[in-house]
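So the protein sequences, as listed, match chains F and H.
With our numbering applied, the first sequence corresponds to residues 1 to 250, in that order.
With our numbering applied, the second sequence corresponds to residues 251 to 664, in that order.
From the three backbone atoms N, C-alpha and C, an ideal C-beta is built for every residue, glycine too.
None of the values given here were measured: they were computed from a predicted structure.
Worksheet: the structure to be examined is printed underneath.
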Amino acid sequence: MKPTIAIYDFTDCEGCEVQLISLLEDFLEIEKRVEIVNWRLGQEDNHQIQFDICIIEGTPITREEQKLLRSLRKRSKILVALGACAALGGVPASVDQTQRKKWLKKIYGAKYKSRGDSAKPLSNFVKVDAIIPGCPATKKDILRAITDLLDGKIPATQNFPVCKECKANNNPCRLLNNQPCLGPVSIGGCDAICVSGGAGCWGCRGLLENGNLPAFRKTLEKFMTKQEIEQFMSVFLSNDLIINKPNTKT
Amino acid sequence: MNIIAKIEGHGALDIDFSAKKAKLRILEGERLFEGILVGRPFDQTYWITPRICGVCPIVHALASVKAVERAFRAQVSSQTIHLRSLLFCSQMIQSHILHLVFLSLPDYLGLDRGTEIKDQHPRYFSFALNIKKAADFIAETIGGRAVHPTTITAGGFFRLPKISQIKAIKSQLMQILNDAEGVLNLALSLDYPQLKNPCEYLSACPYDENEYPIYNYQKILSNRGFGLKIENYQTEIKEKVVSNSTAKFARRKGSGFMVGALARMALFSDRFSPLIKKYLEKIDIEEMKFNPFYNNLAQPFEILHYTEQGILLCDKILRDGLDERPTVGFKIKSGRGVGVMEAPRGTLYHDYTFDAKGNVLKANIITPTVQNLTHIEEDGNALLLTCDRSKNECIDLIKMLIRAYDPCITCSVH
């Protein structure tokens, strides 16, 4: 029997699922090897409730999503976080809980009852077996991860910095030119696509486990204020910043 | 609860058959983008806001960067306008073909998942794949990436494509012209459910009176024969918080209205090229008006239109050559800027106010789907009044109607 796959999405932009569909012929090849039994974005016939592999995109902001996530964990053999929102909390995490209250009131009015909490990664609620990182996840990583999973392997997380591929692409170093960039402390494997485009690395694939953050902050402080650094890092890494508070090590 | 499958984002449909009322519930979590932006420097706005939507990130980036440039009174070069217009064409083609093939066409062909079209209509499916590939190629070449562009910056671009790449884009667009005609022919052959529910159509209107919406806009045009000032959008379009929904519902003068491909076609179809006008002769545009199912026919018209426009833009860029300076200089100052774009699903507003250092003081974003939600419900009600089928068939038909609008729930709950 073919392995059964479910694809779920919580609150997010659904760009990683667009990347999955954009695999086109490669997506059709995947389809031959699996049975997609639950995929709200792709089909109406979603009756099966137990899955070999459950791929989840997005961050479980609402209480309903958090409840569903816990239930999906129980019903899935392998649970995969797809993209920065699922893996890190992503852009939606850049408003914290106190800010959330303020903005909910401003945007929706005083009487509005919020459905949500602050954005957290899936791993805040359940055990996650594998991560496909990035905002958006790359087509290459999605394909690699699914191929590994179908071979019975858990896809590995890259452990080299964005700088490795950035150098290979011959981009001038942004940090040496006093431009913000999180390349040295961020997980690579993205082909440094944002630096090549001109936007710098914002760390969307997450922080390297062994990155030296205190030393890296000192480098940024040569041309950025502490507030600018926090703002820059908070776009994707708010939840990591709570753990890696600045100046805890001196 | 009826979760609506095959739409971008999470929505549910409640139907009260005795009262003949359809109600949409928007379930997506609040992300509060307008709050996220406040206090941040201007150059983070067009990096953060594309993440509102993974299906139309390019047009969010463009509306955002336009708002910044308006606030700082930065005049971008014609080269930047040409390249951004070409990038915009890729966004329209990309989003429309994705929606048609994966979300809407299965309804008309009696299928469930979009990839099932491959077995039943292999020719059309290969057309769609070619079109998607070409659109992604343009987005990657000019925007740096197919989803969430990397090259867009205030004043122009971080980096420019090479002339050889523009030539490659042109040749890809030439190759998909035939495919785009094929998809349009398929859409012309479909049966569209009957519904007639007159409403106001709105679209941003170009300065050039021969131009179909593309990049620069003079005003917002209504089918009721008048124009609205872009800067006044907030007094003309009222957003309302409704119970059981994390998206606001917009109204104009108390009623729903429609934006998107069908609205644009209803307002501007006389601006299509001779090639497309040939196809227009095969249909009655008056019959298309006020039947939202025809949004699914307007989309392939636009795919063909923006493919043609893309070719013309490549010719212009090749004629002018590429200046090496990718950006123009500008002075950061305090002030407000409204950036408006016609997105695949309709008019998109990004409105920012900056302090003297260029940090965001205030941000307001109105997405197309927020504008369409009220009228989707009104059309649902109209359909319930005339639907003489079984309850389940009526529910399916209303879901099909919702999908025909191509709603983007994630955009609507930003």
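I'd like to know whether the C-beta of residue i is nearer than 9 Å to at least one C-beta of chain F.
{"i": "residue 339 of chain H", "result": "no"}
{"i": "residue 616 of chain H", "result": "no"}
{"i": "residue 601 of chain H", "result": "no"}
{"i": "residue 377 of chain H", "result": "no"}
{"i": "residue 303 of chain H", "result": "yes"}
{"i": "residue 654 of chain H", "result": "no"}
{"i": "residue 294 of chain H", "result": "yes"}
{"i": "residue 574 of chain H", "result": "no"}
{"i": "residue 282 of chain H", "result": "yes"}
Could you give the C-beta distance for residue i and residue j, rounded to a whole number, given that I count them as a contact under 8 Å?
{"i": "residue 188 of chain F", "j": "residue 165 of chain F", "result": "6 Å"}
{"i": "residue 417 of chain H", "j": "residue 568 of chain H", "result": "7 Å"}
{"i": "residue 303 of chain H", "j": "residue 661 of chain H", "result": "5 Å"}
{"i": "residue 255 of chain H", "j": "residue 46 of chain F", "result": "7 Å"}
{"i": "residue 389 of chain H", "j": "residue 329 of chain H", "result": "The pair is not a contact, with the Cβ atoms about 18 Å apart (cut-off 8 Å)."}
{"i": "residue 341 of chain H", "j": "residue 308 of chain H", "result": "4 Å"}
{"i": "residue 284 of chain H", "j": "residue 587 of chain H", "result": "Between residue 587 of chain H and residue 284 of chain H the Cβ distance is about 15 Å, and since that is not below 8 Å, they are no contact."}
{"i": "residue 287 of chain H", "j": "residue 550 of chain H", "result": "Not quite, the Cβ-Cβ distance comes to about 35 Å (not below 8 Å), so this is no contact."}
{"i": "residue 10 of chain F", "j": "residue 58 of chain F", "result": "3 Å"}
Spatial neighbours of residue i within its chain, please: C-beta separation below 6 Å, excluding the five flanking residues on both sides.
{"i": "residue 158 of chain F", "result": "187, 188, 189"}
{"i": "residue 429 of chain H", "result": "377, 380, 381"}
{"i": "residue 5 of chain F", "result": "34, 36, 53"}
{"i": "residue 74 of chain F", "result": "none"}
{"i": "residue 499 of chain H", "result": "490, 492, 623, 624"}
{"i": "residue 174 of chain F", "result": "181, 200"}
Residue i to residue j, Cα distance in whole Å?
{"i": "residue 347 of chain H", "j": "residue 94 of chain F", "result": "32 Å"}
{"i": "residue 443 of chain H", "j": "residue 252 of chain H", "result": "21 Å"}
{"i": "residue 446 of chain H", "j": "residue 632 of chain H", "result": "8 Å"}
{"i": "residue 491 of chain H", "j": "residue 624 of chain H", "result": "12 Å"}
{"i": "residue 50 of chain F", "j": "residue 68 of chain F", "result": "13 Å"}
{"i": "residue 202 of chain F", "j": "residue 294 of chain H", "result": "11 Å"}
{"i": "residue 148 of chain F", "j": "residue 27 of chain F", "result": "15 Å"}
{"i": "residue 595 of chain H", "j": "residue 216 of chain F", "result": "43 Å"}
{"i": "residue 315 of chain H", "j": "residue 225 of chain F", "result": "24 Å"}
{"i": "residue 276 of chain H", "j": "residue 618 of chain H", "result": "15 Å"}
{"i": "residue 100 of chain F", "j": "residue 232 of chain F", "result": "19 Å"}
{"i": "residue 386 of chain H", "j": "residue 267 of chain H", "result": "43 Å"}
Any beta-carbon of chain H closer than 9 Å to the one on residue i?
{"i": "residue 163 of chain F", "result": "no"}
{"i": "residue 223 of chain F", "result": "no"}
{"i": "residue 48 of chain F", "result": "no"}
{"i": "residue 140 of chain F", "result": "no"}
{"i": "residue 196 of chain F", "result": "yes"}
{"i": "residue 92 of chain F", "result": "yes"}
{"i": "residue 199 of chain F", "result": "yes"}
{"i": "residue 4 of chain F", "result": "no"}
{"i": "residue 62 of chain F", "result": "yes"}
{"i": "residue 135 of chain F", "result": "yes"}
From the options, pick the residue whose C-alpha is nearest to that of residue i; which is it?
{"i": "residue 622 of chain H", "options": "H:443, H:577, H:576, H:545", "result": "H:545"}
{"i": "residue 357 of chain H", "options": "F:9, F:124, F:44", "result": "F:44"}
{"i": "residue 459 of chain H", "options": "H:521, H:411, H:473", "result": "H:521"}
{"i": "residue 208 of chain F", "options": "F:236, F:81, F:162", "result": "F:162"}
{"i": "residue 306 of chain H", "options": "F:72, F:13, F:56", "result": "F:13"}
{"i": "residue 552 of chain H", "options": "H:296, H:464, H:653, H:299", "result": "H:464"}
{"i": "residue 654 of chain H", "options": "H:582, H:538, H:526", "result": "H:538"}
{"i": "residue 129 of chain F", "options": "F:80, F:41, F:193, F:168", "result": "F:80"}
{"i": "residue 55 of chain F", "options": "F:122, F:114, F:92", "result": "F:122"}
{"i": "residue 451 of chain H", "options": "H:541, H:560, H:634", "result": "H:541"}
{"i": "residue 20 of chain F", "options": "F:182, F:114, F:143, F:219", "result": "F:143"}
{"i": "residue 437 of chain H", "options": "H:327, H:543, H:365, H:561", "result": "H:543"}
{"i": "residue 486 of chain H", "options": "H:497, H:496, H:505", "result": "H:505"}
{"i": "residue 658 of chain H", "options": "H:413, H:509, H:265", "result": "H:509"}
Starting from the C-beta of residue i, find all residues in its chain whose C-beta is less than 8 Å away, skip the five residues before and the five after it, and write them out in chain order.
{"i": "residue 535 of chain H", "result": "515, 516, 519"}
{"i": "residue 469 of chain H", "result": "454, 455, 477, 478, 479, 480"}
{"i": "residue 103 of chain F", "result": "95"}
Starting from the C-beta of residue i, find all residues in its chain whose C-beta is less than 7 Å away, skip the five residues before and the five after it, and write them out in chain order.
{"i": "residue 604 of chain H", "result": "292, 321, 584, 585, 610, 611"}
{"i": "residue 431 of chain H", "result": "554"}
{"i": "residue 249 of chain F", "result": "Its pLDDT being 42, under 50, residue 249 of chain F is placed unreliably in this model, and the coordinates cannot settle the point."}
{"i": "residue 394 of chain H", "result": "400, 401"}
{"i": "residue 2 of chain F", "result": "33, 34, 35"}
{"i": "residue 30 of chain F", "result": "146"}
{"i": "residue 334 of chain H", "result": "312, 465"}
{"i": "residue 362 of chain H", "result": "356"}
{"i": "residue 570 of chain H", "result": "329"}
Would the beta-carbon of residue i be found less than 8 Å away from any heavy atom of the ligand NAD?
{"i": "residue 211 of chain F", "result": "This structure does not include the ligand NAD; it has no bound ligands of any sort."}
Original post:
Got a sec: which bits of the region 386-398 of chain H sit with their beta carbon under 9 Å from any beta carbon on chain A, in order along the chain?
Top reply: No chain A is part of this structure, whose protein chains are labelled F and H.
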